[in-house]
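Per the working numbering, residue 11 is the first one in the sequence shown, and the count goes up by one each step.
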Amino acid sequence: MSDKEIDEKGVNENDVWQISFLAPSAKERIGYPTQKPVALLERIIRCASSEGDLVLNPFMGGGTTIAVADKLNRKWIGVDQSVQAVKVTELRLHQQTDLFTNLYANSYTLQLHKYDYDALRSKDAFEFESWIIGQLGGVAHGKKGGDAGVDGTAADGAPVQVKRTEGVGVNVVKNFSVSAKQFDKAGFEKRVKAGAPVGYIVAFSFSKGAVQEVARLKNQENLSIKLVTVESIIPVSRKPSLSFEANELSREADGARVIELVVKGESPGGVEFYSWDFSYISSEGFKPSVIMDRDGVQRHSFAGGVHHIAVKAVDNDGLENMEVIKLKVNGVVEQLK
Ligand SMILES: C[S@@+](CC[C@H](N)C(=O)[O-])C[C@H]1O[C@@H](n2cnc3c(N)ncnc32)[C@H](O)[C@@H]1O
């Protein structure tokens, strides 16, 4: 075909796509065993969708499809039974996040098997109330303050009070028995007659006194108040704890040091992998250059000066914790607090 004919008619697409496989040392390799090349997914997504379309990958694995869809300004939904796959995909998104060019970056939510205890305890109290009542199957009132001790209603219509604390005491139960009645007198009396719960108190835990007061109200006044722990509504776990060590291995000709970084994570679910950002800048967030490190050991060369190294441990429940280490390389290697 002449150049003129090609210009006019174009060429038929070849039935073989020449896309190289991912070499073991390829820079884009993240360590996920079934990872596909970015170039392949770019081609598939470009020819099958337009900007703003929704890409679904229900078996997202190492997250190439999601990362590429995000980069190409598609909306996306990713699903995987493996927590590791979900977390690796999230870290890839962190790595490529560019607030100025990605339309959908930073606007995703992550759904995991378990919820982090510390994150729940420090969540905005009002947000927590609404969310946990929803998880209970009820409806939050959505009112900040002035709720007279009732934050919403359960699926059966009975009032719910939420405390974002541990060891909720006897007075909370006493006061709630009054506010539950004030909230809906007719409903309250109907429930007492039927022996149904007159209300629910949700908290992280309850004191012995609170439990005894519930028993007393039942025995003496035939009032049934249910104490519901957060953990009985949603699965909660604690994020991994981290300890860190830096050992100088050698000195290079230009004065840089090769340093071995060793991190150890402890978690009830067991640590799955570690991710490293060797030049962490807090205002830019965590941008790992190593996403999946199973052993928690890295060798890295650092020039003289102060370095901020961020390391994340991701556990079996998908919970994570990050530590930032300040390392001074200047004649000697010093770990600064
Ligand atoms: C072949 S890998 C996906 C590879 C992916 N295209 C990539 O580039 O890495 C298949 C994924 O499907 C997930 N998977 C298998 N069965 C599943 C199921 N029933 N529900 C959700 N995910 C599942 C596995 O955990 C695995 O991560």
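Even glycine gets a Cβ: it sits at the ideal position worked out from N, Cα and C.
- Taking a contact as a CB-CB distance under 8 Å, the pair ALA95 and GLY71 counts as one, their CB atoms being some 5 Å apart.
- Remark: the shortest separation between the CB of THR74 and any heavy atom of ligand 1 falls under 8 Å.
- The DSSP-derived three-state label of ILE40 is coil.
- Contact check for LEU252 against ASN331 passes: the beta carbons are separated by less than 9 Å.
- Note on ARG56: under 16 other CB atoms within 10 angstroms of its CB, so exposed under the neighbour-count rule.
- Around the beta carbon of LEU101, 16 or more other beta carbons sit within 10 angstroms, so the residue counts as buried.
- DSSP places THR175 in the coil class of the three-state scheme, outside both helix and strand.
- Rounded to the nearest angstrom, the gap between the Cα atoms of ALA313 and LYS218 is 58 Å.
- Within the region 25-71, the beta strand (DSSP E) runs of at least 3 residues that lie entirely inside it are, in chain order, 64-67.
- Counting only residues of its own chain and dropping the five nearest sequence neighbours on each side, THR163 has a CB closer than 7 Å to the CB of GLY148, VAL149, PRO169 and VAL170.
- Placement of the Cβ of PHE31 at a distance of 8 Å or more from every heavy atom of ligand 1 is found.
- Here the alpha carbons of LYS153 and ALA58 stand approximately 45 Å from one another.
- The nearest non-hydrogen atom of ligand 1 is 8 Å or more from the C-beta of MET302.
- Three or more beta-carbon pairs separated by less than 8 Å link the region 244-264 to the region 333-340, which places the two stretches in contact.
- The beta carbon of GLU223 lies closer than 6 Å to those of VAL180 and VAL183 in the same chain, with the five residues before and after it left out.
- The shortest CA-to-CA distance from ILE211 to any of LYS124, GLN105, SER311 and THR175 is the one to THR175.
- Residue range 315-325 is occupied by the beta strand (DSSP E) that includes ASP325.
- Residue pairing for ALA204: DSSP places it in no beta bridge.
- Counting only runs of 3 or more residues that sit fully inside the region 180-251, the beta strand (DSSP E) segments are 209-213 and 235-239, in chain order.
- Where PHE288 is concerned, there is no enclosing beta strand (DSSP E), because DSSP gives it neither an H nor an E.
- The way I'd put it, the region 121-141 does touch the region 236-251; three or more beta-carbon pairs between them come closer than 8 Å.
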